[in-house]
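Numbering (our numbering), first residue to last: 123 to 694. Written below as structure tokens is the structure these notes are about.
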């Protein structure tokens, strides 16, 4: 029931499909000029769009000028592409949209083809001259203003990139424009009194995007989301670098443990409370390793697994106290079981990665910079895309230069872990599992001492006296987490264990081939002295200290192999 006006190309297509339409140039009496650059810029068009049909003066003025009111404007902008960017800067389309959106009380503006079915099915309701109809049209006007804003951002960013490249040669913009679209409401922020919290997607202008995860169950909070995003990047980087199934146990934006699918020994199965005859899947193995780096700290963690979670792994997770999980997917049985955890409130996210799902049409990794906002200021840096490869192992500075494939895996795993750990940080790894992380300290030797304490606890969990006490707790029916707490306390206070501590650690660590990685250089050899006491045989650090020579001498004294990566991986 509408009379249609259109510019030449669209009019031609509609006529070919038997749609009655009037070309704008015929309606205005003014032909398109400048090769189509000017089509719709005419008083008869904008008078028709901008007149307020409830304003008698507007109506009379337009009637005298023989200008009919225009009640619907549908416009899709030219795609802005750099290869032909100047010609693709839409003038008339943007102006039509802006004019129609401004006059939403009288005009419906439509910019998204996805809205066509809804508008056609509810057209009379949307166009009604009542509050409901006006609110509908206002909603579409809001969408239109966002549409042209993103379009202008794309153009402005092109000129920023282009001009800065000409003048500076680095491609760094002086002005950044970004838009954020809310995708998910959160329970609250870091603390319950911070009651406004949500996840926003950083939109790339004119291109659809979605979050790199979807919520399968539960309602995540602010800290949950940060743990999920950081841990998800970590486990996927392990897969991209080592090709191994990997799990991480995260607490407060830092890993408490990281483990891979390298099979467990019979002895470790027993220590980790797993039936020694039980065959484990790669997914369940990685989870068990991650959870047993520091089981005391993993209480109430957020889990990440770069794999589809099977029922066996879900059964193991069900036993633990945990806030949530992000994984590449879940079998039907696993999802059902995990969804019943925490009275149905267990947070379950499915993450997007190249191994388990199709990536977004717009790859989030194309984002090359990141911002952090503090007290009204924003600091910017390029995103850390550095990956461990052969370069990291080229500069072996010690006399011992022997690095086995197992050592290489552990050094890589430890270094990736540090990339997602608040600095200063140091990590120890053995047999495809991070077993000690010292994070967020102001001096490096304290980081190593924290690692030493955690590694020693890991060693002493294997002590015969500890295992005897552990089995006694099981027989008494002590709950799982209470057993863990009792074991840690037993290790730290039992007289027999304390007397034997040093001798036992020396004995068990001799053949372990423990590795240690640091996110920056060791400024003094004291860190190497501490590392030697926990059985470290291989070290990866950046180098670059004026004390590099002394640190290397210390490593040589203990027969260690030390490589300098020359790549710092601070995280702040």
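Glycine included, each C-beta is placed from N, C-alpha and C at the ideal position.
### Query
Which value, in whole angstroms, describes the spacing of the CA atoms of residue 335 and residue 585?
42 Å
### Query
residue 442 to residue 602, Cα distance in whole Å?
8 Å
### Query
What's the call for residue 457, buried or exposed, on a 16-neighbour Cβ count within 10 Å?
buried
### 8 Å contact criterion, which residue 428 and residue 379 should meet: CB distance rounded
Rounded, the Cβ-Cβ distance is 15 Å, inconsistent with contact.
### Terminal residues of the alpha helix (DSSP H) in which residue 635 lies
Residue 635 -> no alpha helix (DSSP H), and no H or E assigned at all.
### Query
Where residue 607 and residue 418 are concerned, what is the direct C-alpha to C-alpha distance, given to the nearest angstrom?
7 Å
### Query
Should residue 219 and residue 195 be called a contact, given that it needs their Cβ atoms to be closer than 8 Å?
yes
### Query
How is residue 356 classed by DSSP in three states: helix, strand or coil?
helix
### Cβ contact (3+ pairs, closer than 8 Å) linking the stretch 392 to 404 and the stretch 557 to 571
no
### Message
If distances are taken between C-alpha atoms only, which option among 440, 577, 308, 160 comes closest to residue 146?
### Response
160
### Message
Suppose only complete runs of 4+ residues qualify. What are the alpha helix (DSSP H) ranges in the stretch 326 to 400, listed by chain order?
### Response
Those alpha helix (DSSP H) runs which fall completely within the stretch 326 to 400 and span 4+ residues are 344 to 364, 388 to 393.
#### Entry: Three-pair Cβ contact test at 8 Å for the stretch 639 to 655 versus the stretch 672 to 692
yes
#### Entry: Length of the line joining the Cα atoms of residue 452 and residue 368
The straight-line gap from Cα to Cα measures roughly 15 Å.
### Message
Residues in the same chain with beta-carbon distance under 8 Å from residue 397, minus the five sequence neighbours each way, listed in chain order, please.
### Response
391
#### Entry: Alpha-carbon spacing of residue 485 relative to residue 338, whole angstroms
Note that residue 485 has pLDDT 46, beneath the 50 cutoff, so the model's placement of it is unreliable and the number below is only indicative. Using only the alpha carbons, I get a separation of about 22 Å.
#### Entry: residue 216 - DSSP class collapsed to helix/strand/coil
helix
#### Entry: Three CB pairs or more closer than 8 Å across the stretch 461 to 474 and the stretch 652 to 664
no
### Query
Using the C-alpha atoms, what's the distance from residue 543 back to residue 681?
28 Å
### Query
My guess is that residue 637 and residue 541 are in contact by the Cβ rule of under 8 Å, so how many angstroms apart are they, rounded?
At roughly 16 Å, the Cβ-Cβ gap does not stay under 8 Å, so residue 637 and residue 541 are not in contact.
### Three-state secondary structure assigned by DSSP to residue 555
strand
### Message
Between which residues of its own chain and residue 124 is the CB-CB distance below 8 Å, once the five residues before and five after are set aside?
### Response
193, 194
### Query
Run through DSSP, which three-state label would residue 405 get?
If DSSP states are grouped into helix, strand and coil, residue 405 belongs with the helices.
### Query
Just the Cα atoms here: how many angstroms apart are residue 514 and residue 538?
12 Å
### Query
For residue 506, which option in 410, 412, 693, 522 has the closest C-alpha, if you only look at C-alpha atoms?
Residue 693 is the option with its Cα nearest to residue 506.
#### Entry: Contiguous beta strand (DSSP E) assignments of at least 3 residues, all confined to the stretch 237 to 308
301 to 307
### Query
Identify the residues that DSSP records as bridge partners of residue 686: which are they?
663
### Buried or exposed (CB count within 10 angstroms, at least 16 for buried), residue 499
exposed
### Message
Does the contact criterion of 3 or more C-beta pairs under 8 Å hold for the stretch 340 to 351 versus the stretch 307 to 316?
### Response
The stretch 307 to 316 and the stretch 340 to 351 touch, with three or more beta-carbon pairs separated by less than 8 Å.
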